[in-house]
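In this note's numbering, the protein residues as written are 6 to 225. From the three backbone atoms N, C-alpha and C, an ideal C-beta is built for every residue, glycine too.
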């Protein structure tokens with residue numbers, strides 16, 4: 006399951022209630038369910054390298070809170086603000102209780118849309134366990150919970166922001182969160198689970214380029 010234009014995008018079979026028909030650039034017709042809220046139990050988090058698109062991808066597995074045999078996999082670009090925000094909030098979650106992930110699209114000055122996401126639990130927005138170094142609240146946090154500021158670098162003659170320090174830190178916390186989840190939730194055997202839409206990206210489109218700037222490392 007991917008995130009596109011501020012909504013979850015789940016690939017389904019033709020005839021599925023509520024499915025939207027979309028035609029890819031190669032002419033292939035696919036059907037999707039689009040929604041902006043996903044609720045369930047955390048079942049695992051991981052970072053995997055996608056050979057086709059040559060990027061690291063953050064996978065968040067959510068077990069349906071009404072049908073324990075269904076596991077939905079959310080896959081987003083690891084080098085992006087959505088991944089950082091989700092992990093920063095999920096670290097504050099009670100992993101034994103359901104979480105609710107809400108998404109929406111923020112329209113930019115150039116007319117493009119940026120996907121945003123927050124995590125809620127028990128009706129309240131979760132605090133960010135990790136904070137940007139620019140945030141006033143970060144002054145009261147230990148250093149290991151503060152994202153290092155990105156640095157400017159030159160790639161192919163173009164000046165860009167380098168988030169390597171943040172990504173290295175985030176990768177460590179992904180492992181921390183996954184161990185926390187595994188320690189709190191009894192896992193069902195893989196044979197009994199039906200994982201929905203585990204593909205990272207559509208076959209005919211590359212993942213969105215990282216458009217994060219120094220002002221977009223975290224939205225708080």
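In the three-state DSSP reduction, residue 188 falls in the helix class (H, G or I). For residue 155, the number of other beta carbons within 10 angstroms of its own is at least 16, and it is reported as buried. Per DSSP, the continuous alpha helix (DSSP H) segment holding residue 89 begins and ends at 86-95.
CA-CA distance, residue 127 to residue 66, rounds to 19 Å. Bounds of the beta strand (DSSP E) holding residue 36 are 34-40. Per DSSP, reduced to three states, the secondary structure at residue 170 is helical.
By the neighbour-count criterion, in which 16 or more other beta carbons inside 10 Å mark a residue as buried, residue 40 falls on the exposed side.
Closest option to residue 77, judged by alpha-carbon separation, among 24, 185, 181, 46: 46. The segment 45-116 is shown to contain whole beta strand (DSSP E) runs of 3 or more residues at 60-69, 75-82, 104-112, in chain order. Inclusion of residue 83 and residue 52 in the CB contact set at 8 Å is warranted, their separation being smaller than that value. With respect to the C-alpha of residue 138, the residue from 151, 80, 179 having the closest C-alpha is 151. In terms of Cα proximity to residue 170, the closest of 119, 163, 158 is 158. Residue 56 counts as exposed, since fewer than 16 other C-beta atoms from the protein chains shown sit within 10 angstroms of its C-beta. Secondary structure of residue 145 (DSSP, three-state): helix. Cβ atoms of residue 96 and residue 43 stay farther apart than 8 Å, at about 18 Å. Judged by DSSP in its simplified three-state form, residue 16 adopts strand.
The criterion of a C-beta distance shorter than 8 Å is not satisfied by residue 10 and residue 121. Under the three-state reduction of DSSP, residue 176 is assigned to helix. The beta-carbon distance between residue 174 and residue 147, rounded to whole angstroms, is 13 Å. This is too long to meet the 8 Å contact definition.
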